[in-house]
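Working notes, beginning with the structure itself.
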Amino acid sequence: MGVVYLVGAGCGDYDLITMRGYELIKKCDVLVYDSLIDSKFLDFVKDNCEKIPVGKRAGQKSAKQEDINNILVTKGKENNIVVRLKGGDPFVFGRGGEEGELLKEEGIEFEVVPGITSAIGGLCYAGIPITHRDHASSFHVITGHLREDDKENPEINWNALANTNGTLVFLMGVANLQKISSNLIKEGKSKDTPVALISWATRYNQRVITSTLENVYETAIKEGVKPPTLIAVGDVV
7 MGVVYLVGAG CGDYDLITMR GYELIKKCDV LVYDSLIDSK FLDFVKDNCE KIPVGKRAGQ
67 KSAKQEDINN ILVTKGKENN IVVRLKGGDP FVFGRGGEEG ELLKEEGIEF EVVPGITSAI
127 GGLCYAGIPI THRDHASSFH VITGHLREDD KENPEINWNA LANTNGTLVF LMGVANLQKI
187 SSNLIKEGKS KDTPVALISW ATRYNQRVIT STLENVYETA IKEGVKPPTL IAVGDVV
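Take a look at the structure:
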């Protein structure tokens with residue numbers, strides 16, 4: 007029996023990975039990787055490493071989670087050192103929890119290696135402190151993505167989010183930007199609340215656009231904002 011490592015690649019640029027993650031990539035037999043990771047990671051593996059892309063991109067054909075799970079189980083049972091390389095942190099909307107549960111059920115040894123989530127690192131590179139003594143004493147990271155069955159996540163309490171003074175960070179939410187902004191305003195968030203759209207965070211092509219909650223959707227359309235883009239809402243912007 008092999009071992010599977012669920013590794014967070016960090017929030018974009020390759021040199022933001024942990025040393026632990028870097029060392030595991032260099033010695034793994036199988037690399038199962040997401041689409042948003044820096045391509046330089048593929049140069050770190052040994053020559054006989056099997057590289058399996060399983061990128062999940064909104065609106066595009068991609069590997070299903072059950073297929074990814076099957077790959078991890080199959081390769082893990084073949085006495086391989088497997089690295090499942092995930093953008094950001096494995097446990098921040100990365101489905102690492104689901105993969106870990108399955109590996110435990112299958113009796114496969116696994117370890118989770120944390121990474122810098124884009125919710126924090128992306129804002130940092132945009133010059134936005136996610137907390138600030140004068141502006142935000144808390145932060146809230148929310149999925150902006152709808153489930154694959156097209157049902158909204160029932161755990162999103164728009165009223166609670168609209169009435170907190172903390173920083174709100176939506177991941178994978180640019181496709182639902184209009185719904186996010188309108189729900190927050192409907193529940194009492196000021197329409198003048200600053201918003202930042204951070205595309206390709208930490209990369210050479212990073213782009214930051216600021217607006218207000220009322221105008222952000224129109225701004226995004228005008229500026230041609232596309233995924234991957236973080237949405238940061240709050241006075242820290």
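So the mapping is simple: the working numbering equals the position in the sequence shown, first residue as 1, plus 6. C-beta: ideal position from N, C-alpha, C; glycine also. None of these values were measured; they are calculated from a predicted model.
is_contact[residue i, chain C] using C-beta, thresh 7 Å
i: Glu224; result: Of the chains in the structure shown, none is chain C; there is only one protein chain.
Own chain, CB closer than 6 Å to residue i, minus 5 neighbours either side, in chain order
i: His151; result: Met178
i: Ser144; result: Gly172
i: Ile122; result: Gly16, Cys17 and Leu22
i: His138; result: Val242
i: Ala69; result: Val60
N-terminal and C-terminal residue of the beta strand (DSSP E) that residue i is part of
i: Glu56; result: Glu56 to Pro59
i: Leu203; result: Pro200 to Ser205
i: Gly14; result: Val9 to Gly14
i: Ser217; result: Arg213 to Thr218
i: Val89; result: Ile87 to Lys92
i: Thr80; result: That residue, Thr80, is in no beta strand (DSSP E); its alpha helix (DSSP H) goes Gln71 to Gly82.
Burial state of residue i (16 or more Cβ within 10 Å)
i: Ser124; result: buried
i: Gly230; result: exposed
i: Thr80; result: exposed
i: Ser187; result: buried
i: Ala166; result: exposed
i: Lys33; result: exposed
i: Ile134; result: buried
i: Asp49; result: exposed
i: Gly102; result: buried
i: Lys192; result: exposed
i: Ser45; result: exposed
i: Ile43; result: buried
i: Asp53; result: exposed
i: Lys228; result: exposed
i: Asp155; result: Low per-residue confidence applies at Asp155: pLDDT is 48, beneath 50, and the placement is therefore not dependable, though the value from the model is reported in the following sentence. With fewer than 16 other Cβ atoms within 10 Å, it is exposed.
Own chain partners of residue i with C-beta closer than 7 Å, once the 5 adjacent residues on each side are dropped
i: Arg209; result: Gly18 and Asp19
i: Gly106; result: Leu12, Phe116 and Val118
i: Lys195; result: Ala168 and Leu219
i: Leu112; result: According to the sequence displayed, residue 112 carries Glu and not Leu. Cβ neighbours of Glu112 beyond the five flanking positions: Val79.
i: Thr225; result: Ile215 and Ser217
i: Ile162; result: Ile148
Anticipated Cβ contact below 8 Å, residue i with residue j, distance rounded
i: Ile23; j: Val51; result: That belief does not hold up - the Cβ atoms of Ile23 and Val51 are roughly 13 Å apart, past 8 Å.
i: Val36; j: Ile58; result: 7 Å
i: Glu84; j: Gly14; result: That pair is no contact at about 24 Å.
i: Ile204; j: Thr235; result: 6 Å
i: Ile136; j: Val180; result: No, Ile136 and Val180 are not in contact; Cβ-Cβ is about 19 Å, not under 8 Å.
i: Leu129; j: His146; result: Not quite, the Cβ-Cβ distance comes to about 13 Å (not below 8 Å), so this is no contact.
i: Val10; j: Gly82; result: 5 Å
Neighbourhood of residue i by C-beta distance below 8 Å, restricted to the same chain and skipping five residues each side
i: Met25; result: none
i: Asp140; result: none
i: Asn75; result: Glu104, Glu105 and Leu108
i: Asp198; result: Thr218, Leu219 and Glu220
Segment limits, alpha helix (DSSP H) that includes residue i
i: Tyr39; result: Run containing Tyr39: none in the alpha helix (DSSP H); it sits in the beta strand (DSSP E), Val36 to Tyr39.
i: Ile31; result: Met25 to Lys33
i: Thr225; result: Val222 to Glu229
i: Ile237; result: Run containing Ile237: none in the alpha helix (DSSP H); it sits in the beta strand (DSSP E), Thr235 to Val239.
i: Ile186; result: Leu183 to Lys192
* Jot down the residue ranges of each uninterrupted alpha helix (DSSP H) in the segment 107 to 180, minimum 4 residues, whole runs only, in chain order. => 124 to 131 and 164 to 168
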